[in-house]
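Chains as they are written, first to last, in this note's numbering: chain A, 83 to 497; chain B, 831 to 1212. Built from N, CA and C at the ideal position, the CB exists for glycine as well.
Below you can see the structure in the form of structure tokens.
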């Protein structure tokens, strides 16, 4: 009871503080808070003091476990933006829809958000398949989607801002690191069988063979949801690669790492680098099963900088002490902030003007938890790649950090 | 005239039901729904093809298929392949390593179009294949099983297995099929933009007429001698066999018809939604299609359409209003219907309709005193 009362008290205090902040901010902004007709010439759902956006993630089905963090982060960002005065003097209202882990549903709900609700932006999608399903809808209805997942690249739509890394950003720096630090020459590639692992491995193979002068001694793909890795593990034992390079996704990861451990392949004897494990997955796999292995991501919850400390604290306050924050969650958090920056630069909510502002190359966030990010005219973010080594407690120690890497969704020489 | 009335519409009760449904989907819904909702109804009605096919196969044929998604998917993929080839003209795909092939093939390092994609350059061939491929596939499955007298639960399980195999195949062979993403970004049909509102409206009505046509064909089959035999087989298969009929052939026939009907639904789905993906081929969609038929009433072709509409409308409404809770509401709906109305929506009408209409003079016409006008075999033990 007591803690409940306390939380109410602190909530009131907080909201009071927020109210004052908002008032002050509105007052200072109202100078250029142009009237609605001017900032909204295309009939979006915008009033004199509110603007409506959509959040579209899977709340049910197999993807719900992955997408929950993303939608929580987006709500946190929107709450913080509202507390600091909103966008162009308007508070953000959210309409949430459930993609239900079903690609056609993503298309249906995108249409609903754009056509019925006239939202000014949508934060959502997670898998490539859901993005591919929703993409024609966004292009047809001229909507704006902020997409948070690291993905395979090979895409650049006028109507999408990609806040996660495309494949080359995530992969190349990590491979360079492992070649240099671990003197790795031979690589074994394993992934789940769909477009993202396949594209990533294609890029990795070209880099290993052409740039690093190494050798790929095996390349395998397992169906999504596969839980039998015995034969792969036997082949790995036979080939003795310097590095296992993995892009196994979702629930398969649990079986993959447990079977590796059971077969005696641990970090003591074997270097393993994965591009598909974040804090969210470790929660399911168990830190003890991948202790000492490496992940390449742009963000880890343990990042030691003031932005991230504030972000982690705010996230835990809003969503509970036990919540973990993975790469995609952080990328999703950037979405509303990038949108805010672009809208304010454009001085308008019109999709075309916001896109144009986003393309100037001037949209940047100095407060991003991952550090400084900047929006490239190709709709992707400049960002750093980091290698984290997993600990028993499910957190990673960052052992390497690259420079800011330019996004390159259509890499020459890697196709 | 008498032929049309009795055979195609199924007598007075059937005719009234048919015209009410036709009025609903051809007049009422287009008048009262905006384009967005109407397009959704169009999508639901494509599932109704599968539900109608299950009524024929399960309700009358007594053979439960848990793999109608296979045929829905085959029809949908065939249409999607045609549209994708059109969308992948060399001008549209100039940034690829190999222009002129679908984008996902390029991502998977294919450099030329696989041979089985070639027929899909032609719309005529595509339409023929939409009808022939599912029928041929159903014939293979049906012949392999019914000739060996595999039926009942075993048939259901095997169809389910085939649905899984086909899903794994599509997902695994992503260079040829688009993998888990499916075939996306379909925009034009012979140069005609299918994403516009006017195109969607045309497809809606095309779809509605096709569905009504399929129901009439279904009625015709059921009121013919084949229909009587199907019903007889369902009740006492051995007796029909001992009477000299080749039971397997009739089952294969109705299975093929059901496959073609589901495939038409799949093709219409692709046209209206603009993509096709393996999530329509597997077990879950296949079982959902059975649920549509069960909720509508598995002995009623028209009931299946209402069942499909009810479930999908509820799904959309619940998930829009309660994004966190909607699955529980759907579960409640299923359990409620099965517990209280085991014969589905059609059963409600049969059991309770006379309470509503008894005050009207025409009540007797809807609910005649004799039980039913379905042909019946004498199944009393002799």
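Minimum Cβ-Cβ distance from residue i to chain B less than 8 Å
i, result
"residue 433 of chain A", "no"
"residue 451 of chain A", "no"
"residue 286 of chain A", "no"
"residue 231 of chain A", "no"
"residue 217 of chain A", "yes"
"residue 104 of chain A", "Because residue 104 of chain A carries a pLDDT of 49, less than 50, the predicted location of this residue cannot be relied on, and no value is offered for it."
"residue 306 of chain A", "yes"
"residue 222 of chain A", "yes"
"residue 214 of chain A", "yes"
"residue 485 of chain A", "no"
"residue 109 of chain A", "Low per-residue confidence applies at residue 109 of chain A: pLDDT is 45, beneath 50, and the placement is therefore not dependable, though the value from the model is reported in the following sentence. Output row for residue 109 of chain A: interface = no."
Residue closest to residue i, alpha-carbon to alpha-carbon, out of the options
i, options, result
"residue 201 of chain A", "A/209, A/176, A/384", "A/176"
"residue 273 of chain A", "A/333, A/451, A/433, A/178", "A/333"
"residue 384 of chain A", "A/160, A/412, A/367, A/399", "A/412"
"residue 162 of chain A", "A/494, A/461, A/449", "A/449"
"residue 341 of chain A", "A/357, A/360, A/325, A/368", "A/368"
"residue 993 of chain B", "B/1053, B/1109, B/889, B/886", "B/1109"
"residue 1220 of chain B", "B/928, B/1088, B/1104", "Any question about residue 1220 of chain B goes unanswered here, given that chain B covers just 831 to 1212."
"residue 275 of chain A", "B/1003, B/1074, B/1065", "B/1003"
"residue 463 of chain A", "A/469, A/453, A/471", "A/453"
"residue 160 of chain A", "A/439, A/296, A/422", "A/422"
"residue 1124 of chain B", "B/1176, B/922, B/1105, B/879", "B/1176"
Under 7 Å from the C-beta of residue i: neighbouring residues of chain B
i, result
"residue 197 of chain A", "866"
"residue 351 of chain A", "Here the premise fails: no neighbours, minimum Cβ distance about 32 Å."
Interface residues of chain A facing residue i [CB-CB closer than 9 Å]
i, result
"residue 925 of chain B", "492"
Interface flag, residue i vs chain A, CB-CB below 8 Å
i, result
"residue 1150 of chain B", "yes"
"residue 998 of chain B", "yes"
"residue 922 of chain B", "no"
"residue 893 of chain B", "no"
"residue 1014 of chain B", "yes"
"residue 1201 of chain B", "Annotation note: pLDDT 46 at residue 1201 of chain B (below 50); position unreliable, coordinate value reported separately. Cβ-Cβ to chain A under 8 Å: no for residue 1201 of chain B."
"residue 1025 of chain B", "yes"
Partner residues on chain A for residue i, Cβ-Cβ distance less than 8 Å
i, result
"residue 1113 of chain B", "None at all; the shortest Cβ gap to chain A is about 13 Å."
"residue 870 of chain B", "190"
"residue 1109 of chain B", "184, 185, 186"
"residue 937 of chain B", "234, 236, 277, 280, 281"
Per-residue contacts from residue i into chain B (C-beta, under 9 Å)
i, result
"residue 276 of chain A", "1001, 1004, 1009, 1010, 1011"
"residue 440 of chain A", "Under the 9 Å cutoff, chain B gives no residues; its nearest Cβ is about 21 Å from residue 440 of chain A."
Residue i: contacting residues in chain A (beta-carbon distance under 7 Å)
i, result
"residue 1054 of chain B", "Those do not exist, as residue 1054 of chain B stays about 37 Å from chain A at its closest Cβ, beyond 7 Å."
"residue 944 of chain B", "The contacting residues do not exist; residue 944 of chain B stays about 17 Å from chain A at best."
"residue 1154 of chain B", "141"
"residue 1103 of chain B", "186, 189"
Which residues DSSP lists as bridging residue i, in chain order
i, result
"residue 325 of chain A", "A/269, A/353"
"residue 228 of chain A", "A/205, A/243"
"residue 1023 of chain B", "B/1018"
"residue 376 of chain A", "A/355, A/471"
"residue 301 of chain A", "A/271"
"residue 233 of chain A", "A/248"
"residue 313 of chain A", "Paired residue(s): none; residue 313 of chain A is not in a bridge."
"residue 136 of chain A", "A/177, A/204"
"residue 447 of chain A", "A/455"
Closer than 8 Å at the beta carbon, the chain B residues around residue i
i, result
"residue 180 of chain A", "1149, 1153, 1154, 1156"
"residue 211 of chain A", "1010, 1011, 1012, 1107"
Residue i Cβ short of 7 Å to the ligand FAD heavy atom set
i, result
"residue 1047 of chain B", "The ligand FAD is absent from the structure shown, which contains no ligand whatsoever."
Chain D within 8 Å of residue i, Cβ atoms only
i, result
"residue 193 of chain A", "The chain labelled as chain D is not found among the protein chains of the depicted structure, namely A and B."
Decide yes or no for the touch test of the stretch 964–975 of chain B against the stretch 1077–1085 of chain B: beta carbon pairs closer than 8 Å, at least 3 of them. yes
Whether or not the stretch 201–210 of chain A and the stretch 352–363 of chain A are in contact is what I'm after, with contact meaning three or more pairs of Cβ atoms, one per stretch, closer than 8 Å; do they touch? no
Cβ pair count under 8 Å reaching 3, the stretch 937–950 of chain B against the stretch 1133–1153 of chain B: no
Inter-stretch contact at 8 Å, needing at least 3 Cβ pairs: the stretch 1054–1061 of chain B / the stretch 925–940 of chain B: no
Contact between the stretch 249–262 of chain A and the stretch 304–321 of chain A: three or more CB pairs below 8 Å? no
Say whether the stretch 219–232 of chain A touches the stretch 429–446 of chain A, bearing in mind that this needs 3 or more beta-carbon pairs closer than 8 Å, one atom from each stretch. yes
Three or more C-beta pairs closer than 8 Å, one from the stretch 920–927 of chain B and one from the stretch 975–993 of chain B: is that the case here? no
Does the contact criterion of 3 or more C-beta pairs under 8 Å hold for the stretch 909–919 of chain B versus the stretch 951–963 of chain B? yes
Quick check: the stretch 1038–1045 of chain B against the stretch 837–855 of chain B, are there 3 or more CB pairs under 8 Å? yes
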